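First residue of the sequence shown: 11, per our numbering; consecutive thereafter.
Ideal placement from N, C-alpha and C gives every residue a C-beta, glycine not left out.
It should be emphasised that the depicted structure is a prediction, and the values quoted were computed from it without experimental measurement.
As structure tokens, the structure follows; a few thoughts come after it.
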Amino acid sequence: MVIVHVSAECYPMAKAGGLGDVVGALPKYQAKLGDDAMVVMPMYQTPFLQQNKWELHFKGNTNLGDWFFDYTIIKESTGKLGFNLYLVDIHGLLDRPKIYGYPDDTDRFIGFQVAVVNWLSHWKSLPDIVHCHDHQAGLIPFMMKYCFDYQKLQFVKTIVSIHNAQYQGAMGWEKSLLIPRWDTWKNGLLEWNNSINSLATAVKCADKVTTVSHSYMQQLKFQSNGLEALFEYEQGKCVGILNGIDTEVWNPATDPMVAYHYTATNVLVEKKKNKNALCAKYNLDPSKPLIVFIGRLVGEKAADVLPGAIQHAMDKTDSGANFFIIGAGDTATESALNYLVQLYPGNYNTFIGYDEKVGHEAYASADFLLMPSRVEPCGLNQLYALRYGTIPMVRDTGGLHDTVVDMGDPDGFGIKFLHATEEDIVYSIERAIAVYQDKNQMNKMIQFAMNIDHSWESVVEEYKKVYESIL
Ligand code: GLC
């Protein structure tokens, strides 16, 4: 089966969040099972671009409204990723250092999608599945079905996977000029709330819609930033498939970013060595439970509640735990979190920014990972944590609901709480401190956690069933 993934992110070429991890892993495991899975994404100016070898694959030209442009498709030439990675180079539009955050992002991603569809229309033998991820690829199913120039693609099956419905790629109707000419009887498919909404269009036009956990699929019907009615209406073609994790990249026994390697057998001894090293480096106290937060410092992740919650917990428990925060985002949250460094020297620190290595070291060192997310479609961090024997403390929502069992249950291996509030977080921190003292219970949970299988192999089968259902 020939599967083309279209995405704005793909690790290790460019990653801003979990989307990049998933798109960097799913095709690799599909390819291992014998399918011809590949990824096409924008050619940003990232270190990975400069450090790797590329071959020219295709040259084409098309237009974005009245701007006629040439585009080039290049391909990673060694095959070392385990799947073919194609980049779309549109000079001046996509070739910039960052993935998102430019004033013309709308035009950039429409340009990307137009070039992808144009390229596909030149294929001698068409792919079986075009698998679009999030709103940056959300107009593709529409373009393939209804744009006059791309009628050749109208019967190619399309899937859209929603990694986060908070972001929808909505734009004013004036941007419709950038979409290649289409059958205007189909205007309603672009329309949502007097705007063009890329995600809504994707849900309407794709042959199947998936999202990254079962609970989030249900949640979208009552909490999806304005698309609730659409998910209710289209539920027949929607399915939740829990993400996997790349167990080759995330393996405490071999992780090159981690100093002391371990498995479930020697986790206690070796993880402690990592913890000692991390604590020494960031001025923390290794004798206390170490709770880390790793993620974007934004409202969705409830990062704004952290400073208050940590301060209360520290005061209430007489600094009974240590905290290490890794992430970047809202500047007010960043400074509130940084402010705590001087209040709790030796027990609290931050790393503002994101660094893959610091992240890996933190999973390999921490006792607990805190995720109070307001919205969490799947969440990968709790899955990485489990694999590294780090106990997740999570708000009971979306994918966190589906993947963590509270320690109140006989087979529990985590801490769950209901609300993204200071009170609930403080209470979960108190529970963490208490269970940390109970070595038996703690070890039991660590063993349980490390033995859970969230590898991609089984997930890939589920995607395959979805593909087969529409072919
Ligand atoms: C987004 C979601 C996250 C999910 C990831 C990969 O980043 O916020 O919950 O795990 O996509 O699907």
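Using a threshold of 9 Å, state whether the C-beta atoms of residue i and residue j are closer than that.
i    : j    : result
G254 : S465 : yes
M154 : Q164 : yes
H141 : S171 : yes
K218 : L240 : no
R397 : L428 : no
H173 : D412 : no
N293 : Y270 : no
A376 : I301 : yes
M53  : V14  : no
Y226 : G250 : yes
F122 : L200 : no
S17  : M48  : no
I169 : I139 : yes
F93  : Q176 : no
K281 : P296 : no
F458 : D416 : no
P299 : A331 : yes
Y358 : F378 : no
L307 : D256 : no
V470 : L149 : no
T343 : P382 : no
In the structure shown, what three-state DSSP assignment does residue i receive?
i    : result
P402 : strand
F158 : helix
G89  : coil
M51  : strand
T246 : Before going further, note that residue 246 is Gly rather than Thr in the sequence given. Looking at G246 - three-state DSSP - the assignment turns out to be helix.
V415 : coil
K134 : coil
K285 : helix
K25  : coil
I141 : According to the sequence as given, residue 141 is His; it is not Ile. Strand, per DSSP.
K167 : strand
H224 : helix
A2   : No information on residue 2 is available, as it lies outside the stretch 11 to 481 that the chain covers here.
K108 : coil
E258 : coil
D17  : Just to set this straight, residue 17 is Ser in the shown sequence, not Asp. Three-state result, S17: coil.
M267 : coil
F241 : helix
T72  : strand
I251 : coil
A175 : coil
V469 : helix
L410 : helix
M11  : coil
A430 : coil
S234 : coil
Buried or exposed: which applies to residue i, given that a residue is buried once 16 or more other Cβ atoms fall within 10 Å of its Cβ?
i    : result
R384 : buried
L103 : buried
D436 : Sequence inspection shows Val at residue 436; the Asp mentioned does not correspond to that position. By the neighbour-count rule (16 or more Cβ atoms within 10 Å), V436 is buried.
G182 : exposed
K326 : exposed
G363 : exposed
L187 : exposed
A374 : buried
G305 : buried
I462 : exposed
H101 : exposed
Y112 : exposed
P190 : buried
I419 : It should be pointed out that residue 419 corresponds to Asp in this sequence rather than to Ile. Exposed: under 16 other Cβ atoms inside 10 Å.
L237 : buried
Q61  : exposed
P57  : exposed
L66  : exposed
T221 : buried
In the DSSP assignment, what residue or residues form a beta bridge with residue i?
i    : result
C388 : The partner list for C388 (beta bridge, DSSP) is empty, contrary to what the question assumes.
F458 : DSSP, once it has assigned bridges, lists no residue as partnering F458.
L379 : V302 and P402
Y96  : V50 and K85
G424 : D416
W77  : L74
E65  : K85
L36  : Beta-bridge pairing links L36 to no other residue.
L393 : BP columns for L393 are empty, so no partner.
L294 : In the DSSP output, where bridge partners are listed per residue, L294 has none listed.
L307 : G339
M181 : I206
I'd like to confirm something about residue i: is its beta-carbon nearer than 8 Å to some heavy atom of the ligand ATP, or not?
i    : result
N253 : The ligand ATP is not among the ligands present in this structure, which contains only the ligand GLC.
### Query
Which whole runs of the alpha helix (DSSP H) in the region 322-373 are 4 residues long or more, in chain order?
Within the region 322-373, the complete alpha helix (DSSP H) runs of at least 4 residues fall at 341-353.
### Query
Going along the chain, which unbroken runs of the alpha helix (DSSP H) with 4 or more residues stay wholly within the region 184-231?
Runs of the alpha helix (DSSP H) inside the region 184-231: 197-200, 208-215 and 224-229.
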